[in-house]
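Just below is one structure, and these are the notes that go with it.
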Amino acid sequence: MTARVLVVEDEPTIRRAVGYALRRDGFEVAEAADGGEALATAEEGFDVVILDLGLPTVSGTEVLRRLRAAGPVPIIVLTALGTESDRVLGLELGADDYVTKPFSMAELMSRVRAILRRCELDSMRRNPVRVVGGLRIDLGRHQVLVDGHSVYLTASQFKVLALLAEEPGDVVSRQAIMQRLWDSDYAGDEHVCDVHVSNLRHKIEHDPSQPRRIVTIRGVGYKLVAA
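Residue numbers are given in this note's numbering: position 32 of the sequence shown equals residue 15, and the series is strictly consecutive.
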């Protein structure tokens, strides 16, 4: 699902540049030029708000205060260079991060992605059930459903699947898998990892010889994809 970002900035050049960079990176973007417009637009629901504290009409700090009172949406505040008091106030009012002007778009995009990752991990901790395509993984009960059917996994197989499901689509190295299995640094034969993955594939793949859920990235490791 595409993340939705609200950009609140009264300077048109900055607002358009930030909006362009976000859209280029695949985000859905809405823009607001002042505090009143920001509060009205925020009611549509967003995954992240980028908020300039120096706004006309309703101040940026007031917008921040109201947004935080309304819910836990992550907020990154934009502050002018040297205004330490604004940064401190913003964080005290509940901002999750700040970026000082002038800033690079690469830095801002990195902050947005990082905050989304943290939110996703927090959500996973609160909700121990993860769904990846036809897989439903209940971390609390150590249960796995494949296309609605319960399958039995050994403790090691479940650990491997749970690790891959933490970041679906991301590659997990063999070393990381072995460290999870042994709960410590592991420097042994990584072929053992391949055996565990092979056994797991026989439990969750329709055709283990041509796996579509656990994909091998040659020379690196594995990734879990929706199938």
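We treat Cβ as the ideally placed atom computed from N, Cα and C, and that holds for glycine.
For residue i, the nearest candidate out of the options (CA to CA)
{"i": "glycine 28", "options": "Glu188, Arg96, Thr(-15)", "result": "Thr(-15)"}
{"i": "aspartate 79", "options": "Leu50, Val12, Phe86", "result": "Leu50"}
{"i": "leucine 72", "options": "Arg100, Val95, Phe86, Val46", "result": "Val46"}
{"i": "serine 139", "options": "Pro85, His132, Arg157, Leu164", "result": "Leu164"}
{"i": "arginine 101", "options": "Ala4, Glu173, Ser87, Pro55", "result": "Pro55"}
Element boundaries [beta strand (DSSP E), containing residue i]
{"i": "glutamine 126", "result": "126 to 129"}
{"i": "arginine 184", "result": "Careful: arginine 184 lies outside any beta strand (DSSP E), inside the alpha helix (DSSP H) at 174 to 187."}
{"i": "serine 133", "result": "132 to 134"}
{"i": "arginine 113", "result": "112 to 115"}
{"i": "valine 143", "result": "That residue, valine 143, is in no beta strand (DSSP E); its alpha helix (DSSP H) goes 138 to 149."}
{"i": "lysine 84", "result": "Run containing lysine 84: none; DSSP gives neither H nor E here."}
{"i": "threonine 199", "result": "197 to 200"}
{"i": "leucine 207", "result": "204 to 207"}
{"i": "threonine 40", "result": "Here threonine 40 belongs to no beta strand (DSSP E), and DSSP marks it neither H nor E."}
{"i": "threonine 62", "result": "58 to 62"}
Residue span of the alpha helix (DSSP H) that contains residue i, given as start and end
{"i": "threonine 44", "result": "43 to 53"}
{"i": "leucine 164", "result": "157 to 165"}
Beta-carbon proximity of residue i to residue j, cut-off 8 Å
{"i": "leucine 36", "j": "threonine 24", "result": "no"}
{"i": "glycine 19", "j": "threonine -4", "result": "no"}
{"i": "leucine 147", "j": "lysine 206", "result": "yes"}
{"i": "leucine 99", "j": "valine 31", "result": "yes"}
{"i": "valine -12", "j": "leucine 91", "result": "no"}
{"i": "aspartate -7", "j": "alanine 16", "result": "yes"}
{"i": "valine 203", "j": "serine 156", "result": "yes"}
Quick check: the segment 176 to 184 against the segment 117 to 124, are there 3 or more CB pairs under 8 Å?
-> no
Mind pulling the beta strand (DSSP E) runs of 3 or more residues that sit fully within the segment -8 to 23?
-> 11 to 15
Sufficient close CB pairs (3 or more, under 8 Å) joining the segment 80 to 99 to the segment 47 to 62 = yes
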